[in-house]
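Engineer: Every letter in the sequence shown is one number past the one before it in the numbering used here, and letter 425, counting from 1, is 435.
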Amino acid sequence: MDALEGKPSRPMVRGDRWGSDWTYAWFRSEVVAPRETKGKRLAVMLDFGAEATVYVNGIVSGAMDLQHHDLTLTRSARPGERFEIAAEAYAGHSGRQPAFGESFLYIVEEEVYQFFIDLECLFDLRNHLDEDALRVSEIDRGLTRVFSIIDLTLRQEALTENVGKCRQILKPLLECVNGSTAPTLYLMGQSHLDIAWLWPIAETKRKIARTMSNQLALMEEYPEYRYVQSQPYLFQLAKDLYPELYARMKQAVQEGRLIPEGGMWVEPDTNLPSGESLIRQAMHGKRFFKEEFGKDNEMLWLPDVFGYSGNLPQIMKGCGLRYFASVKMFGTYDNVGDPFPYNTFVWEGIDGSQVLAHLLNYGDYYPIRINPSFVIQQWKERVQKEGITTRLTQFGHGDGGGGANRDDMEFMRRLVDLEGAPRTKHGSPIEYFEDQIEKGIPDAKYVGELYYPAHRGTYTTQAPIKKGNRQAEIGFRETELWGAAAHLLQHRAYPYQELERLWKTLLLHQFHDILPGSSIHRVHEEAQAALIVLNREIDELASGARAAIADGGEERVSVFNSLSWDRTGTIVLPESARTISDASGNSLPVQWVDGLGYAEVAVPSMGWSTFKVGREERIVEAAPSAPSAQSASSALQASANHLENELLSIEINERGELTRIFDKETGTDWAAGNCNVMRLYRDQPSDFDAWEIDRRYRSAGIALDSTAKVSVHSTGPLFASVRVERDLNRSTLIQDIRIRAGSRRVEFHTTIRWQETNKLLKVDFPVCVHARESMHEIQFGHVKRPNHASRPHDADQFEVSQHKWSVLAEANRGFALLNDCKYGISVDDHTMSLTLLRAPTYPDETSDQGTHTFTYGFVAWNGAFFDSPVVREAYELNYPLTTAPGETIARSESLLRLDKDNVIVETVKLAEDGSGDWVVRLYECMGATVTCELHAAIPFAKALATDMLEQPSAELPAVAGAVQLAFRPFEVKTVRFEAIR
Numbered sequence: 011m012d013a014l015e016g017k018p019s020r021p022m023v024r025g026d027r028w029g030s031d032w033t034y035a036w037f038r039s040e041v042v043a044p045r046e047t048k049g050k051r052l053a054v055m056l057d058f059g060a061e062a063t064v065y066v067n068g069i070v071s072g073a074m075d076l077q078h079h080d081l082t083l084t085r086s087a088r089p090g091e092r093f094e095i096a097a098e099a100y101a102g103h104s105g106r107q108p109a110f111g112e113s114f115l116y117i118v119e120e121e122v123y124q125f126f127i128d129l130e131c132l133f134d135l136r137n138h139l140d141e142d143a144l145r146v147s148e149i150d151r152g153l154t155r156v157f158s159i160i161d162l163t164l165r166q167e168a169l170t171e172n173v174g175k176c177r178q179i180l181k182p183l184l185e186c187v188n189g190s191t192a193p194t195l196y197l198m199g200q201s202h203l204d205i206a207w208l209w210p211i212a213e214t215k216r217k218i219a220r221t222m223s224n225q226l227a228l229m230e231e232y233p234e235y236r237y238v239q240s241q242p243y244l245f246q247l248a249k250d251l252y253p254e255l256y257a258r259m260k261q262a263v264q265e266g267r268l269i270p271e272g273g274m275w276v277e278p279d280t281n282l283p284s285g286e287s288l289i290r291q292a293m294h295g296k297r298f299f300k301e302e303f304g305k306d307n308e309m310l311w312l313p314d315v316f317g318y319s320g321n322l323p324q325i326m327k328g329c330g331l332r333y334f335a336s337v338k339m340f341g342t343y344d345n346v347g348d349p350f351p352y353n354t355f356v357w358e359g360i361d362g363s364q365v366l367a368h369l370l371n372y373g374d375y376y377p378i379r380i381n382p383s384f385v386i387q388q389w390k391e392r393v394q395k396e397g398i399t400t401r402l403t404q405f406g407h408g409d410g411g412g413g414a415n416r417d418d419m420e421f422m423r424r425l426v427d428l429e430g431a432p433r434t435k436h437g438s439p440i441e442y443f444e445d446q447i448e449k450g451i452p453d454a455k456y457v458g459e460l461y462y463p464a465h466r467g468t469y470t471t472q473a474p475i476k477k478g479n480r481q482a483e484i485g486f487r488e489t490e491l492w493g494a495a496a497h498l499l500q501h502r503a504y505p506y507q508e509l510e511r512l513w514k515t516l517l518l519h520q521f522h523d524i525l526p527g528s529s530i531h532r533v534h535e536e537a538q539a540a541l542i543v544l545n546r547e548i549d550e551l552a553s554g555a556r557a558a559i560a561d562g563g564e565e566r567v568s569v570f571n572s573l574s575w576d577r578t579g580t581i582v583l584p585e586s587a588r589t590i591s592d593a594s595g596n597s598l599p600v601q602w603v604d605g606l607g608y609a610e611v612a613v614p615s616m617g618w619s620t621f622k623v624g625r626e627e628r629i630v631e632a633a634p635s636a637p638s639a640q641s642a643s644s645a646l647q648a649s650a651n652h653l654e655n656e657l658l659s660i661e662i663n664e665r666g667e668l669t670r671i672f673d674k675e676t677g678t679d680w681a682a683g684n685c686n687v688m689r690l691y692r693d694q695p696s697d698f699d700a701w702e703i704d705r706r707y708r709s710a711g712i713a714l715d716s717t718a719k720v721s722v723h724s725t726g727p728l729f730a731s732v733r734v735e736r737d738l739n740r741s742t743l744i745q746d747i748r749i750r751a752g753s754r755r756v757e758f759h760t761t762i763r764w765q766e767t768n769k770l771l772k773v774d775f776p777v778c779v780h781a782r783e784s785m786h787e788i789q790f791g792h793v794k795r796p797n798h799a800s801r802p803h804d805a806d807q808f809e810v811s812q813h814k815w816s817v818l819a820e821a822n823r824g825f826a827l828l829n830d831c832k833y834g835i836s837v838d839d840h841t842m843s844l845t846l847l848r849a850p851t852y853p854d855e856t857s858d859q860g861t862h863t864f865t866y867g868f869v870a871w872n873g874a875f876f877d878s879p880v881v882r883e884a885y886e887l888n889y890p891l892t893t894a895p896g897e898t899i900a901r902s903e904s905l906l907r908l909d910k911d912n913v914i915v916e917t918v919k920l921a922e923d924g925s926g927d928w929v930v931r932l933y934e935c936m937g938a939t940v941t942c943e944l945h946a947a948i949p950f951a952k953a954l955a956t957d958m959l960e961q962p963s964a965e966l967p968a969v970a971g972a973v974q975l976a977f978r979p980f981e982v983k984t985v986r987f988e989a990i991r
């Protein structure tokens with residue numbers, strides 16, 4: 011406001027156009043209360059042709075938006091009182107300038123307003139009751155009397171007196187109450203505010219001020235009003251940008267009228283983020299509300315998210331979130347074949363963790379108005395007809411914020427116990443859950459993921475954002491692990507504040523319209539740029555931590571393995587190096603491809619090894635100490651139509667497709683048809699372009715018949731590869747199909763120049779595996795899903811989400827597809843179809859245009875799935891070995907080691923409280939009960955079991971640096987190692 015002083019301005023008249031795309035304009039005026047307004051409610055109706063934040067006498071006081079068309083200046087005017095009005099309005103981004111409209115200063119005749127609310131309330135009620143009911147007859151008689159008396163030609167005092175008589179007729183009808191069996195709705199005032207969607211984050215910074223000023227004004231006039239606001243990120247915006255408004259918000263929280271509840275930093279997608287990301291969403295979200303307001307969240311509120319992970323109950327419980335509430339499961343846009351069966355139920359996750367859940371209904375979507383028809387429909391539309399007597403119900407305008415308006419408050423007062431409508435209670439949603447527990451939880455349990463039978467395209471749309479998210483999650487793991495090691499071993503300062511800032515950047519971009527790719531172009535453009543910067547900063551922190559562990563010398567290189575098992579993998583030699591040898595002095599083979607030198611090295615679990623590098627070039631066939639490496643190297647072959655190592659023999663056709671995947675161990679062919687087949691489909695769903703994949707898309711295939719240029723790209727001794735170059739409709743593909751010596755994993759390093767619109771690209775692998783379900787990795791585990799369409803719920807899952815792998819398995823063998831950034835997949839019988847790219851044109855008309863680089867692969871194994879290498883192979887595809895120049899204190903060190911293959915260390919970090927303790931998070935990955943030992947090389951005082959927020963619960967048995975742990979299937983454990991002080 012102060013910045014406006016002295017700025018040039020011009021008068022505006024009705025019809026004037028202003029602004030341009032993405033810009034804001036300020037409007038100022040002054041009004042004086044006329045003599046006839048004395049003691050009356052005085053309001054303004056402002057029409058800027060756009061949404062606006064309105065300031066009155068320098069204080070942000072409300073908004074002009076879709077549900078708020080006027081603003082009360084005072085409820086009891088004093089003639090001559092002056093009001094300085096300023097408004098910041100958004101010109102939008104439609105390519106059309108807003109037109110300035112008419113604005114009014116007016117008196118609200120309160121008795122007339124109340125009469126019309128009375129009238130609408132009763133009329134709306136009778137229209138939604140049984141027409142033969144006595145209640146309808148009584149209302150009709152009252153309305154008939156009113157219509158015979160009302161005279162709207164009267165003005166001022168005469169009109170007030172006239173409607174007062176009418177209100178007296180209606181009053182007994184409004185005082186009729188329900189009998190003993192009426193249901194109860196717990197009303198939750200809220201405003202779903204998308205942090206970005208059809209507007210950029212810059213506009214959200216204004217939307218939170220508009221929304222909160224609207225709601226605070228209602229609280230001031232209606233003391234009983236309680237408003238729930240989720241997403242601490244929005245509170246942080248208000249704190250940073252609107253300190254006066256934020257002070258009022260804090261006061262309202264302390265008075266119990268503003269309820270900060272929701273559980274996470276933003277309302278994130280839960281299909282795509284890692285398990286650690288979801289924990290950090292809760293950690294930072296709950297911490298903000300606790301530190302700012304002294305409030306501990308108990309409910310996870312995700313009203314508009316496109317499906318809910320099967321491991322969310324465990325993450326919730328681990329983060330102290332007891333209750334789950336959402337709306338989205340019943341908003342499926344006619345996409346669903348098998349509707350969800352419950353409203354109130356116990357939700358059980360893949361590990362057996364249980365939380366109490368309630369699914370709300372939208373009603374008529376937005377705006378959600380409180381009136382008799384709405385509350386009646388909320389009860390009638392429940393899918394659970396028995397076992398519940400209450401429901402949780404949201405109201406208030408949402409998507410773009412705004413919240414409830416004054417009409418809602420007046421209806422709410424009349425609907426506390428109005429005969430014919432459900433009773434209503436208004437307050438915190440926690441009261442609903444506590445009441446449900448007191449009444450008794452219904453005998454209804456749902457096990458596994460809450461699969462959302464719509465918006466399946468969001469697993470794939472905006473591939474660069476999804477890739478940036480995966481890279482950042484990997485980068486944080488590296489940064490925290492090596493940062494903790496550098497602190498514990500070298501006393502290097504741990505970057506607590508930097509990590510918090512960077513984590514919050516990632517958590518913001520996991521919002522459910524950013525990471526899924528369902529926003530406008532500017533949102534995606536800004537998100538991609540932010541993730542590029544984020545990944546650069548994370549990588550710098552990780553590199554700095556590794557460099558602190560090594561000494562920076564030029565003659566040696568230290569190789570770091572962040573995974574919790576010993577591994578052998580390839581690294582790229584330092585720029586000046588030509589040779590490399592291990593700690594015993596054995597020279598290692600080096601393979602040169604495209605000017606880069608590759609070496610294969612062995613590195614211990616969650617640790618490092620140091621190797622000597624030289625500048626003189628020598629040819630080494632294989633390490634003398636490793637005869638098996640000699641055998642593997644000699645078995646490696648490559649030609650334009652053939653790749654082979656000692657385990658697999660692969661035939662390749664003229665399109666780069668695999669016509670044969672021969673397993674030398676068993677003498678069988680894994681291919682049931684050509685594999686690595688590119689499939690292009692027309693992709694034009696009937697609605698929600700960026701969100702949806704139409705279930706009939708397979709009937710709209712586009713032929714990709716052009717042959718490819720297939721050539722040998724590398725021939726060993728470490729790996730062999732064939733390069734495929736071909737056209738895909740208007741797009742082009744360059745792909746290196748690679749196989750390592752001694753490996754059962756085949757990788758497809760892919761670059762696509764994507765120039766399609768409304769197309770869907772998949773790659774098919776029909777395999778000789780007979781299974782009736784497929785397995786897909788999710789956070790901290792996996793789920794099984796049907797690979798057939800036997801029943802409607804099976805058919806609904808024609809496209810599903812995954813993390814790093816998906817599997818088809820028989821009892822004694824299986825085939826897995828792996829990926830480094832692709833989340834969508836379909837499995838139909840024995841054909842696995844990885845979804846690579848989409849090209850929707852709404853709401854981003856240029857979605858995914860450009861060049862994409864990614865890697866997918868497969869691993870085929872013999873033996874039970876429990877004993878398979880799938881999980882480790884997927885991790886190794888995603889987590890490359892990393893290097894730092896120089897030698898470490900110990901040339902080879904393993905910080906942490908496990909004695910069971912099915913337990914994974916996911917996270918190592920310093921404790922959030924800055925105590926110097928260090929935290930390890932582990933999970934069981936195969937769905938099996940197991941006991942194991944976690945061996946730590948760093949001395950510790952004691953080991954404590956904690957929740958996911960690092961609060962200790964019990965001391966763990968530990969002997970000689972080994973901690974004893976017992977896991978149930980898919981259990982996540984967090985262990986806090988108390989530092990020796």
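Beta carbons are placed, not taken as given, at the ideal position from N, Cα and C, and that holds for glycine.
Tell me the rounded alpha-carbon separation between Y100 and A539.
Structural biologist: Walking along the sequence shown from the start, residue 100 turns up at place 90. Walking along the sequence shown from the start, residue 539 turns up at place 529. Their backbone Cα atoms lie some 24 angstroms apart in a straight line.
Engineer: CB-CB under 7 angstroms to P979, same chain, minus the five flanking residues each way: which ones, in chain order?
Structural biologist: Counted from its first residue, the sequence shown places residue 979 at position 969. Same-chain partners within the cutoff: D361, E934, G937, A938 and T939.
Engineer: Helix or strand or just coil, what does DSSP make of C131?
Structural biologist: Here residue 131 refers to the residue found at position 121 when the sequence shown is read from its first residue. Helix, per DSSP.
Engineer: Is the Cβ-Cβ distance between K260 and F298 less than 9 angstroms?
Structural biologist: As a first step, residue 260 is located in the sequence shown; it is residue number 250 there, counting from the start. As a first step, residue 298 is located in the sequence shown; it is residue number 288 there, counting from the start. Contact flag unset, no.
Engineer: Are the stretch 486-496 and the stretch 911-925 in contact at 8 angstroms, needing three or more beta carbon pairs?
Structural biologist: yes
Engineer: Can you tell me where the beta strand (DSSP E) with D10 in it begins and where it stops?
Structural biologist: Only positions 11 to 991 of the chain appear in the structure, and residue 10 is not among them; the question remains open.
Engineer: What runs of the beta strand (DSSP E), each 3 residues or longer, lie entirely inside the stretch 909-946?
Structural biologist: Fully enclosed beta strand (DSSP E) runs of 3 or longer: 913-920, 928-934 and 940-946.
Engineer: Taking the alpha-carbon positions, what's the V732 to A367 distance?
Structural biologist: Sequence index remark: in the sequence shown, residue 732 carries index 722 (1-based). Sequence index remark: in the sequence shown, residue 367 carries index 357 (1-based). C-alpha separation (whole angstroms): 52 angstroms.
Engineer: Quick one: measure Cβ to Cβ for T941 and T851, integer angstroms, because I've assumed they're closer than 8 angstroms.
Structural biologist: Locating residue 941 in the sequence shown gives position 931, where the first residue counts as 1. Locating residue 851 in the sequence shown gives position 841, where the first residue counts as 1. In this structure T941 is not in contact with T851, their Cβ atoms being roughly 54 angstroms apart against a cut-off of 8 angstroms.
Engineer: How about the stretch 205-212 and the stretch 519-536: do they share at least three Cβ pairs that are nearer than 8 angstroms?
Structural biologist: yes
Engineer: What first and last residue would you give for the alpha helix (DSSP H) that runs through W513?
Structural biologist: On the sequence shown, position 503 is the one that residue 513 refers to. Run containing W513: Y506 to L518, per the alpha helix (DSSP H) assignment.
Engineer: From this set, H798, Y442 and D923, which residue's C-alpha is nearest A335's C-alpha?
Structural biologist: In the sequence shown, the residue the question calls residue 335 occupies position 325. Comparing Cα-Cα distances from A335 to each of H798, Y442 and D923, the minimum goes to Y442.
Engineer: Quick check on the burial criterion: 16 or more other C-beta atoms within 10 angstroms. Buried or exposed for P463?
Structural biologist: Residue numbering aside, residue 463 sits at position 453 when the sequence shown is read from its first letter. Result: buried.
Engineer: Consult DSSP for V881 and reduce its assignment to one of helix, strand or coil.
Structural biologist: Position 871 of the sequence shown, counted from the start, is the residue given in the question as residue 881. V881: helix per DSSP, three-state reduction.
Engineer: Between the stretch 241-261 and the stretch 270-278, are three or more C-beta pairs nearer than 8 angstroms?
Structural biologist: At 8 angstroms Cβ cutoff, the stretches touch.
Engineer: So the candidates are D911, G971, Q291 and L183; which of them puts its Cα closest to the Cα of F977?
Structural biologist: Here the question's residue 977 lines up with position 967 in the sequence shown. Among D911, G971, Q291 and L183, the Cα nearest to that of F977 is on D911.
Engineer: From F384, R27, R216 and P108, pick the residue whose C-alpha is nearest to that of L139; which is it?
Structural biologist: Locating residue 139 in the sequence shown gives position 129, counting from the first residue. It is F384.
Engineer: By how many angstroms is the C-alpha of L282 removed from the C-alpha of L509?
Structural biologist: Position 499 of the sequence shown holds residue 509. Position 272 of the sequence shown holds residue 282. Those two C-alpha atoms are separated by around 21 angstroms.
Engineer: Between the C-alpha atoms of G971 and S857, what's the straight-line distance to the nearest angstrom?
Structural biologist: On the sequence shown, residue 971 is found 961 positions in, with the first residue counted as 1. On the sequence shown, residue 857 is found 847 positions in, with the first residue counted as 1. So the two alpha carbons sit approximately 52 angstroms from each other.
Engineer: Alpha carbon to alpha carbon, what distance is there between K832 and L846?
Structural biologist: Stepping through the sequence shown from its first residue, residue 846 is reached at position 836. Stepping through the sequence shown from its first residue, residue 832 is reached at position 822. Distance between the alpha carbons of L846 and K832 is about 7 angstroms.
Engineer: Measuring only the C-alpha atoms, how far is M22 from E112?
Structural biologist: Within the sequence shown, residue 22 is the residue found at index 12, counting from 1. Within the sequence shown, residue 112 is the residue found at index 102, counting from 1. Approximately 10 angstroms, taken between the alpha carbons.
Engineer: Flag this pair as yes or no: are the beta carbons of L203 and G410 separated by less than 9 angstroms?
Structural biologist: For the purposes of this step, residue 203 is taken as residue 193 along the sequence shown, with counting starting at 1. For the purposes of this step, residue 410 is taken as residue 400 along the sequence shown, with counting starting at 1. For the 9 angstroms CB-CB criterion, L203 and G410 form a contact.
Engineer: Only counting the same chain, and skipping five residues up and downstream in sequence, which positions put a Cβ closer than 7 angstroms to that of A206?
Structural biologist: Counted from its first residue, the sequence shown places residue 206 at position 196. These residues qualify, in order along the chain: T214, F521, D523, I524, S529 and V533.
Engineer: With D746 as the anchor, note down where its beta strand (DSSP E) starts and where it stops.
Structural biologist: The residue labelled residue 746 in the question sits at position 736 within the sequence shown. S741 to R750 is the extent of the beta strand (DSSP E) around D746.
Engineer: Any heavy atom of the ligand MG closer than 8 angstroms to the beta-carbon of F298?
Structural biologist: Summarising the ligand content, the structure contains no ligands, and the ligand MG is consequently not present.
Engineer: CB-CB under 8 angstroms to R991, same chain, minus the five flanking residues each way: which ones, in chain order?
Structural biologist: As a position in the sequence shown, residue 991 is number 981, starting the count at 1. G926 and A951, listed in sequence order.
Engineer: With which residues is S284 paired in a DSSP beta bridge?
Structural biologist: Residue mapping note: residue 284 aligns to position 274 of the sequence shown, counting from 1. According to DSSP, S284 bridges with nothing at all.
Engineer: Going by the CB atoms, is the gap between L517 and H294 shorter than 9 angstroms?
Structural biologist: As a first step, residue 294 is located in the sequence shown; it is residue number 284 there, counting from the start. As a first step, residue 517 is located in the sequence shown; it is residue number 507 there, counting from the start. Cβ atoms of H294 and L517: closer than 9 angstroms.
Engineer: Considering just the uninterrupted stretch of the beta strand (DSSP E) at Q200, what are its terminal residues?
Structural biologist: Within the sequence shown, numbered from 1, the residue matching residue 200 stands at position 190. Q200 -> beta strand (DSSP E) spans T194 to Q200.
Engineer: Who are the Cβ neighbours of M222 in its own chain at under 7 angstroms, not counting the five residues just before and after it?
Structural biologist: Numbered from 1 along the sequence shown, position 212 holds the residue referred to as residue 222. Result list for M222: A248, L255 and M259, in chain order.
Engineer: Count the other CB atoms within 10 Å of the CB of Y461; is the residue buried (16 or more) or exposed (fewer)?
Structural biologist: For the purposes of this step, residue 461 is identified with residue 451 of the sequence shown, where counting begins at 1. Burial call: buried.
Engineer: Under the DSSP definition of a beta bridge, which residues are partnered with Q647?
Structural biologist: Counted from its first residue, the sequence shown places residue 647 at position 637. Looking at the DSSP assignment, Q647 forms a beta bridge with E654.
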